[in-house]
Structure formats: structure tokens, C-alpha cells
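Novice:
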Amino acid sequence: MAGTLVIAEHRRGELRQVTAEMLTALRGAGEALAPTKILLVGAGVTALADQADIPGVDEILLCETSAEHFDPWSVENAIAAVIAAEQPRLIAFGHTVDAMSVAPALAAKLGRELTTDVTALRDEDGAIVVERPIYGGRLFAELELPGEGPIVTIRPGQFDAAGASAARAGRRVVDPQGAAESSPICHVEFLEGDTDQIDITTADFLLAVGRGIGDEDLDRYADLAGEIGATLAVSRPLVDSGQATGARQVGQSGKTVKPRVYLALGISGAPQHLAGMRDADCIIAVNQDPDAPIFGVAHYGVVGDLHEIVDELVPAPD
Amino acid sequence: MRIMVPVKSVAVPDEEFELTSDGLDIDPDFLDFTSNEWDPFAVEQALQMVEAAGGEVIVVTVGGKEAEEALMAALAMGADRAIRVDIAVAGFDPLAAARHLAGVVAREAPDLVLCGVQSSDAAHGATGVALAGLVDYPHIAVVKSIASDPAGYLTVGRELEGGVVQQMEIRLPAVLTVQSGINDPRYANLRAIKQARGKPLEVVDPASSGLEGAAGRGSGPRLRQIYELKDRASAEMIRGGPREVAERINEIIAEALR
Ligand SMILES: Cc1cc2nc3c(=O)[nH]c(=O)nc-3n(C[C@H](O)[C@H](O)[C@H](O)COP(=O)(O)OP(=O)(O)OC[C@H]3O[C@@H](n4cnc5c(N)ncnc54)[C@H](O)[C@@H]3O)c2cc1C
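Residue numbers (this note's numbering), protein chains in the order written: chain A, 1 to 318; chain B, 319 to 576.
(1) Look at the alpha carbon of A:Ser66 and the alpha carbon of A:Arg260, and state the distance between them as a whole number of angstroms.
(2) Within the segment 474-524 of chain B, note down every full alpha helix (DSSP H) run reaching 4 residues or more, in order along the chain.
(3) Verify the CB distance criterion: does A:Ile83 have a CB-CB separation below 7 Å to chain B?
(4) Taking CB distances under 7 Å as the criterion, tell me whether B:Ala450 reaches chain A.
(5) Any residues in the segment 78-105 of chain A with a beta carbon nearer than 9 Å to a beta carbon of chain B? Which ones, in chain order?
(6) Which of the three DSSP states, helix, strand or coil, is assigned to A:Thr237?
(7) Spatial neighbours of A:Pro156 within its chain, please: C-beta separation below 7 Å, excluding the five flanking residues on both sides.
(8) Using CA atoms only, rank isn't needed, just tell me which of A:Ala222, A:Ala208 and A:Val314 is closest to B:Ile567.
(9) Tell me whether the segment 376-392 of chain B and the segment 319-338 of chain B touch, counting them as touching only if at least three CB pairs, one residue from each stretch, are closer than 8 Å.
(10) Can you check whether the CB of A:His273 is closer than 7 Å to the CB of A:Ser235?
(11) Is there a C-beta anywhere in chain A that falls below 7 Å from the one on B:Ser327?
(12) Using the beta-carbon of each residue, which ones in chain B are nearer than 8 Å to A:Arg138?
(13) Below 9 Å on C-beta distance, what does A:His273 contact in chain C?
(14) Are any of the Cβ atoms in chain A nearer than 7 Å to that of B:Ala427?
(15) Say the cut is 6 Å; is the CB of A:Asn287 nearer than that to a heavy atom of ligand 1?
(16) DSSP state of B:Ile405, grouped into three classes?
(17) Decide if B:Tyr505 is buried, meaning its Cβ has at least 16 other Cβ atoms within 10 Å, or exposed.
(18) Using 7 Å as the threshold, is the C-beta distance between A:Ile134 and A:Ala103 below it?
(19) Quick check for students: name the residue ranges of the beta strand (DSSP E) that lie wholly in the segment 146-215 of chain A, counting only runs of 3 or more.
(20) Can you name the residues of chain A whose CB is closer than 8 Å to the CB of B:Ile344?
(21) If you draw a straight line from the alpha carbon of B:Ile627 to that of A:Ile283, how long is it in whole angstroms?
(22) According to the Cβ coordinates, are A:Glu321 and A:Glu131 closer than 7 Å?
(23) Starting from the C-beta of A:Glu86, find all residues in its chain whose C-beta is less than 7 Å away, skip the five residues before and the five after it, and write them out in chain order.
(24) CA-CA distance, A:Glu227 and A:Ser253?
(25) Grab the span of the beta strand (DSSP E) containing A:Ile309 for me, first residue to last.
(26) Cutting at 8 Å between CB atoms, please list the residues of its own chain near A:Tyr300, excluding the five before and the five after it.
(27) In the DSSP output, which residue or residues are listed as bridge partners for B:Ile321?
(28) In the DSSP assignment, the alpha helix (DSSP H) including A:Lys109 goes from what residue to what residue?
(29) So, are the CB atoms of A:Ala162 and A:Pro55 less than 7 Å apart?
(30) Are there 16 or more other CB atoms within 10 angstroms of the CB of A:Met1, so buried, or fewer, so exposed?
(31) Just the Cα atoms here: how many angstroms apart are A:His307 and A:Arg138?
(32) Give the residues from the segment 475-487 of chain B that approach chain A closer than 8 Å (Cβ to any Cβ), ordered along the chain.
(33) CB of A:Ser235 to nearest heavy atom of ligand 1: below 6 Å?
(34) With DSSP as the reference, label A:Arg278 as helix, strand or coil.
(35) Can you give me the C-alpha to C-alpha distance between A:Glu59 and A:Gly13, rounded to a whole angstrom?
(36) For B:Glu554, which residues in chain A fall below 8 Å Cβ to Cβ?
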């Protein structure tokens with residue numbers, strides 16, 4: 001058992017950024033988790049090998065299957081076969097929608113320990129140590145992963161993406177396992193998300209509101225946004241409840257924004273929300289909970305009742 | 319169609335809380351239990367499917383007596399019967415609950431298991447898919463639409479990053495994890511809440527019932543310490559009365575937009 005197997009994530013012919021972020025996390029963990037092999041599974045992945053040649057990658061494993069798009073069944077079978085052959089000390093996925101369909105089942109089938117949404121990773125005297133949120137991110141746990149070849153999923157956006165590599169890592173073709181004809185799951189089509197008129201991604205100043213507004217009507221905040229010269233954005237629960245359209249949703253399953261000012265009112269800062277706004281230039285958060293995880297990414301924080309503060313906000317200068 | 323819905327009572331810390339004396343958890347006096355945010359969506363989906371196609375909805379939880387709150391909420395919404403596997407599971411092992419649920423799947427042989435995508439306390443996002451691995455059911459996580467297909471298949475929409483949806487076909491029996499917003503969960507009225515008390519709620523002892531579940535190889539990740547985010551938070555905190563605070567926010571915004 002040695003080294004790390006990184007499961008590369010790709011979609012519609014592009015390597016997803018979380019893959020390079022995982023390499024940064026591993027480089028930070030040092031030599032103890034090296035060497036790093038990166039695994040690409042799917043139809044046509046050989047064409048993605050150059051994209052996967054990321055600093056820190058020692059070898060690129062290419063597993064061509066007949067599945068043109070992700071399906072949990074074929075991906076899981078292929079990864080299980082590669083784990084059996086390569087015997088890595090650690091297996092790393094991104095904490096993504098694809099991984100959520102695969103990593104827990106693999107851990108269960110292979111009898112491996114699993115931990116998900118990892119925000120820090122290191123080796124301490126031969127022990128693999130990770131950190132992850134608990135109680136909705138209001139606390140963090142430092143955990144040691146016992147057993148052979150545990151599986152971790154690493155939080156997207158937590159680490160910078162490693163840049164392009166000058167070195168050319170070795171390529172190796174590995175065998176897919178499991179016959180495609182018997183697959184119980186098949187891809188049908190992709191449906192694009194909301195194609196609304198509003199584009200919150202180009203706004204300089206976003207007023208983002210979350211469930212903390214309580215029973216109040218969202219119109220009140222649409223008006224406020226208008227008054228102070230901001231564009232209204234929301235967290236997911238306001239979309240789920242039908243108060244706002246998906247076009248205004250910030251986060252993993254919504255839009256990624258990078259405004260100059262992000263004023264967050266009554267948003268707790270779930271990882272899926274942070275994924276969409278953590279790179280804003282100036283984040284101001286108002287929340288009555290001093291432990292709200294949004295304060296972990298905000299530049300300025302206010303612990304207090306948002307309702308008492310909103311009335312005093314004034315128009316931003318042009 | 320027999321649909322099984324695993325549900326969970328999640329622990330919500332009070333705004334002000336204290337840690338236990340060993341510093342390894344929140345003092346239980348400062349925790350409240352409530353239904354997991356994702357569960358009503360899974361229960362509603364199961365109810366709608368059974369209303370359309372016939373069958374029954376079984377809700378299952380793993381945990382002590384406090385876990386029954388989640389079962390009662392689901393029964394009040396309309397689930398037919400409930401099962402509680404009477405064992406406390408470690409909060410740091412994302413596979414622990416799945417191992418016990420696997421025993422229930424083996425006994426009940428549901429056509430479909432609908433789980434929430436994740437629980438709002440531990441948020442591992444693992445239970446449903448781990449369960450699927452243990453019982454060898456096909457599975458898809460983060461599902462935002464489900465349509466019945468004839469002949470033992472479902473067409474489901476898997477919600478991807480950025481809001482794109484991947485439509486997939488999956489063969490039954492299967493496990494799906496259900497995303498919030500997939501439907502508009504019904505509210506249980508008082509009468510339904512009363513009626514729920516009369517519905518079957520079976521408490522099984524995993525040791526004596528033959529429901530040991532899948533043998534767990536691991537003991538789960540070992541907790542070394544916990545720490546509070548506020549010790550590491552990067553934010554500069556603005557203090558003062560509402561007016562002062564708002565004035566400072568106005569200044570910061572004006573500065574940042576200049
Ligand atoms: C696969 C997946 C994808 C997801 N995608 C997204 C996404 O794209 N975007 C997204 O936002 N979420 C997403 N989520 C949901 C996410 O996990 C959280 O559930 C959601 O972000 C919570 O929204 P919130 O912060 O508004 O609500 P809560 O978490 O309920 O937070 C409300 C906050 O308001 C505070 N508050 C309450 N009253 C007041 C008051 N009077 N004054 C000040 N503060 C107050 C509370 O202290 C609390 O912190 C996703 C989840 C999953 C599993």
C-alpha cells in the first residue's frame with residue numbers, strides 16, 4: 001500500500017477544476033502520500049490525458065470504457081478494479097455530485113473507511129489526518145483515518161487549482177471491468193439550467209439573502225437591492241420554496257459569482273453556497289449566529305439581527 | 319411498488335453552546351432534534367409515487383428513541399409504517415447507518431429506496447449510496463426529478479454543478495438520493511399527526527432480530543479533536559448598535575466599489 005489514487009473528474013470533454021485542486025491538497029500533504037496516480041475513466045479519456053498532466057501527478061492511468069458520459073455503475077466498477085490492482089494507501093475524489101454517486105458505494109463494497117467534504121489533509125507520522133465540518137459547519141472535526149486505503153472526498157474550492165505542468169507524467173492504459181451491456185443505468189441527455197434574463201454573474205454589487213430573512217417577503221429585499229444599487233441574489237432554499245428563480249441562486253448548483261461586494265444577509269454559509277461566492281473581492285456577512293460558517297470566508301462580519309440593520313443601509317455611490 | 323425512505327432526526331446546536339468536558343462533542347444539553355431538511359422531500363416523492371402506482375411507503379431510521387421524531391413526522395405526512403433500528407451510530411462513520419439499513423432492505427426487499435441527499439448535521443452525503451453498495455442496488459445521487467418508465471425502469475434527472483441536469487434511466491430495484499426542491503412537501507395537519515400515532519412503528523434490536531445488517535469491517539474515522547470555526551474565522555467583526563454597524567457597512571461598500 002503506497003501512494004494516492006486521485007479520481008479525476010471530467011464532464012463533456014473537460015477536466016473539472018476540482019481535480020487540480022486535489023493535487024494542491026496532496027502536494028501540501030507532502031511526500032508521505034506520494035506518488036500520485038491520477039485515474040481517468042470513460043469513453044475518450046485518452047484525449048484528456050494532457051489536461052490531467054498537473055503538477056504533482058506521477059502517473060496518468062487511462063481507463064477507456066464505452067460510457068460516453070458519467071454513470072455511477074461503469075465508473076464504480078472501473079475504479080474498484082484499479083484500486084485492487086494498484087493498492088493505493090489513499091483514494092481521493094472531489095466532494096462533487098459525481099463522487100456522491102460513487103464514493104460511498106465503493107467504500108461500502110470494498111470495506112474501506114470513508115470521510116467526505118474534507119477541508120484539510122495531512123500525514124502525521126504515518127497516520128492520515130483530515131478535517132471536516134460537523135453540525136452544519138459550525139464546528140470542525142479532526143479525524144484520523146484508520147485501515148487500509150481509506151477514501152476521502154475533498155471540498156471543491158478549498159484549495160487553489162494547481163497550474164499546468166511542464167513535466168510529462170507517464171501514461172498507462174488500464175483495463176475497464178464489467179460489461180457495458182448489462183449496465184442498469186444509462187445516460188439519456190443533458191438539460192441546461194435556467195436560462196433566465198437576469199445575469200447575477202456580471203453584477204459588481206450583490207445583495208444576497210438567505211433563509212434568515214424568515215417569513216418576510218422577498219419583494220422587500222428586491223426593493224432594498226434597488227434602493228442601494230445592488231442586484232438581488234439568493235441562497236438555495238428561496239429557490240426551492242419558489243420565491244426566487246434559479247437564475248438568482250448562488251452556489252454549487254446555481255451561479256458562481258465574483259462581484260466586488262457580496263453582502264450576505266441571513267445566509268449560514270453551507271459549503272455548496274460558499275462554492276459560488278468565496279472568491280468575491282469583499283464579502284460582508286450579517287448573521288445572528290456567531291458560529292455561522294459564512295464568517296469563515298467573509299472579510300467583514302456582523303453578529304446580529306439583519307432586520308435591525310437593513311433599514312439603515314444607504315445607496316452605494318455610482 | 320414498495321418504497322423505503324430512510325429518515326433521520328438531526329441534532330441542531332443552540333446558538334450558544336458548550337462542549338462536553340473532554341472537548342470532543344457538544345454538550346447534549348445544548349442540542350435540539352429536528353427532522354433532516356432533505357427528508358420531507360424524499361417522503362413526499364415516495365407518497366406521490368405510491369399514490370400514482372399503488373404500494374406502500376415504509377420509513378426507517380437508525381437510532382435511539384429521539385430518532386422517532388423523524389419517523390412520526392413521516393407517518394403524519396402519510397407513510398404507511400415505520401421501523402426504528404434501535405442502535406446509536408457513531409457520528410463520524412458515514413457508513414454506520416447504512417450497515418443497519420442494509421439489514422432492513424434485506425428483509426423488506428423494497429423496489430425503491432429514496433434517501434435525502436444528505437443530513438443537515440453530519441452532511442456526509444453518503445448514507446443512501448453506501449446502502450446501495452452494501453445491498454448491490456443500482457444508485458444515483460442528487461436526483462431532482464423522477465418519472466416512472468414502464469417495465470421496471472425510472473427516468474431520473476441528476477442535478478449537476480451549475481444547475482445542469484443529466485437525464486438518466488435506471489433499472490429497479492434502485493436507490494436514489496433526493497435533492498431539496500424536487501417537490502413541495504405536504505404539511506401534516508393536526509388530524510394526520512394524531513393518526514400517525516396509531517400507525518405501526520416497529521422497534522427492532524439489531525442484535526436479536528437477525529437484522530445485524532452488513533458486517534462492518536471498519537470502526538470509522540477516529541475523532542482526535544474538534545474546534546470552533548470562530549477560532550479561525552478570517553472576518554473582521556464589526557461591533558456596535560444597528561445604526562453604527564450599518565454606517566460602517568455603507569462605508570465598506572462605498573470603499574470597495576470605488
Ligand atoms: C448537492 C447540493 C447542492 C446545493 N447547492 C446549493 C447552492 O447552489 N446554493 C445554496 O445556497 N445552497 C445549496 N445547497 C444547500 C445548502 O446545503 C444549504 O442548505 C443552503 O445553502 C442553506 O441556505 P441558507 O444559508 O439560506 O439557510 P440556513 O442554512 O438555514 O441559514 C440561515 C441563516 O440565517 C441566520 N439567521 C436567521 N435569522 C436571522 C436574523 N434575523 N438575522 C441574521 N441572521 C439570521 C441563521 O443563523 C442561519 O445561519 C446545496 C445542497 C446540496 C446537497
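Cβ coordinates follow ideal geometry from the N, Cα and C atoms, glycine included. The structure presented is a predicted model; accordingly, all values stated were derived computationally and were not measured.
Specialist: Well, looking at it:
(1) 45 Å
(2) 508-514
(3) no
(4) yes
(5) His95, Thr96, Val97, Asp98, Ala99, Met100, Ser101, Val102, Ala103, Pro104 and Ala105
(6) At residue 237 of chain A the sequence reads Pro, which differs from the Thr that was named. If DSSP states are grouped into helix, strand and coil, A:Pro237 belongs with the helices.
(7) Val18, Glu21, Gly94, His95, Thr96 and Ala275
(8) A:Val314
(9) yes
(10) yes
(11) no
(12) Pro331, Glu546 and Leu547
(13) As a matter of chain content, chain C is missing from the structure shown, whose protein chains are A and B.
(14) no
(15) yes
(16) coil
(17) exposed
(18) no
(19) 151-154, 170-173, 185-191 and 205-209
(20) Tyr135 and Leu139
(21) Past the boundaries of the shown model lies residue 627 of chain B; chain B is included only from 319 to 576, so the question cannot be answered.
(22) The structure shown does not extend to residue 321 of chain A, since chain A is modelled only from 1 through 318, so no value can be given for it.
(23) Leu5 and Lys37
(24) 28 Å
(25) Careful: A:Ile309 lies outside any beta strand (DSSP E), inside the alpha helix (DSSP H) at Leu306 to Val310.
(26) Cys282, Ile283, Ile284 and Ala285
(27) B:Val375 and B:Leu430
(28) Val97 to Leu110
(29) yes
(30) exposed
(31) 22 Å
(32) Gly475, Arg476, Glu477, Leu478, Glu479, Gly480, Gly481, Val482, Val483, Gln484, Gln485, Met486 and Glu487
(33) yes
(34) coil
(35) 20 Å
(36) His299, Tyr300 and Gly301
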